[in-house]
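For my numbering, add 929 to where a residue sits in the sequence shown, where the first one is 1.
Ideal Cβ placement from N, Cα and C applies to all residues, glycine included.
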Amino acid sequence: MKFGVVVFPGSNCDDDMIHVLGTVMGQDVVKIWHKETSLNTYGELDCIILPGGFSFGDYLRSGAIARFSPIMEEVIAFANNGGYVWGICNGFQVLCESGLLPGVLMRNRDQKFICKNIHLKTATTNSAISNRLSQDQALKIPIAHAEGRYFADDATLAELHNNDQILFYYCDANGQINDEANINGSLENIAGITNKARNVFGM
930 MKFGVVVFPG SNCDDDMIHV LGTVMGQDVV KIWHKETSLN TYGELDCIIL PGGFSFGDYL
990 RSGAIARFSP IMEEVIAFAN NGGYVWGICN GFQVLCESGL LPGVLMRNRD QKFICKNIHL
1050 KTATTNSAIS NRLSQDQALK IPIAHAEGRY FADDATLAEL HNNDQILFYY CDANGQINDE
1110 ANINGSLENI AGITNKARNV FGM
């Protein structure tokens, strides 16, 4: 596969993503600057990734300014044409701000930046990024965010459930989904979602 990793001012996980995709997984990866107005110069891409960081210093709201970067028009068109788009941390925030994913990511419940290892439980295997994961296993991953509390209104939440769009839940080491494992106060412990077309992912 060929991946494009978008870099905004303030992104700080782009090189990590490029290292994992390119060096560890042996995939073709290109770096895309946020001021680009066309994806054509990068050849045919299979997936665009919006990495973590603090785009534009997280001013206004996390992802609110990055959403208006020139490249985002291309990313939105790419997604609307069926291309895979994956936002992680700040990238998830940008996808919500741009309307590619429903809901919003708010300030953490305790109003603090959280940097620690946590556990996630796979909610569905009906997606390109979770179809090889076990729903019985707790995945240990690092997080680092101040605005990771997922929220959606009742109608949106009902759609997420009805369409099997919830990808991951915050859980404990034993895979139990409970209040203690909900480190940032996300609605129903939601840690990752996909769109209705199942080609845009955020976590």
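Buried versus exposed, by CB contacts within 10 Å (16 or more), P1138: Residue 1138 lies beyond the stretch modelled for the chain, which goes from 930 to 1132, so this question has no answer here.
Inter-residue CB distance, A1052 and I994 (contact presumed, cutoff 8 Å): Working through the sequence shown from its first residue, we reach residue 1052 at position 123. Working through the sequence shown from its first residue, we reach residue 994 at position 65. About 31 Å separates the two Cβ atoms, so there is no contact after all.
Own chain partners of N1103 with C-beta closer than 7 Å, once the 5 adjacent residues on each side are dropped: For the purposes of this step, residue 1103 is identified with residue 174 of the sequence shown, where counting begins at 1. Excluding positions up to five away in sequence, the list reads A1067.
CB contact below 7 Å: M954 versus chain B: Going by chain labels, chain B is absent from the structure shown, which holds only one protein chain.
Residue ranges of each beta strand (DSSP E) within the region 943 to 1019, 3 or longer: 957 to 962, 976 to 979, 1013 to 1016
Classification of E1003 by the beta-carbon crowding that lies within 10 angstroms, buried from 16 upward: Against the sequence shown, residue 1003 aligns to sequence position 74. Result: buried.
Validate contact between the region 1047 to 1064 and the region 962 to 971 using beta carbons, cut 8 Å, 3 pairs: The region 1047 to 1064 makes no contact with the region 962 to 971: fewer than 3 CB pairs, one atom from each, lie closer than 8 Å.
Distance CB(A1087)-CB(Y1099) smaller than 7 Å: Here the question's residue 1087 lines up with position 158 in the sequence shown. Here the question's residue 1099 lines up with position 170 in the sequence shown. No, the Cβ-Cβ distance between A1087 and Y1099 is not below 7 Å.
N1118 beta carbon less than 7 Å from that of G1077: To locate residue 1077, count along the sequence shown from 1; it is residue 148. To locate residue 1118, count along the sequence shown from 1; it is residue 189. In this structure, N1118 does not lie closer than 7 Å to G1077 by Cβ.
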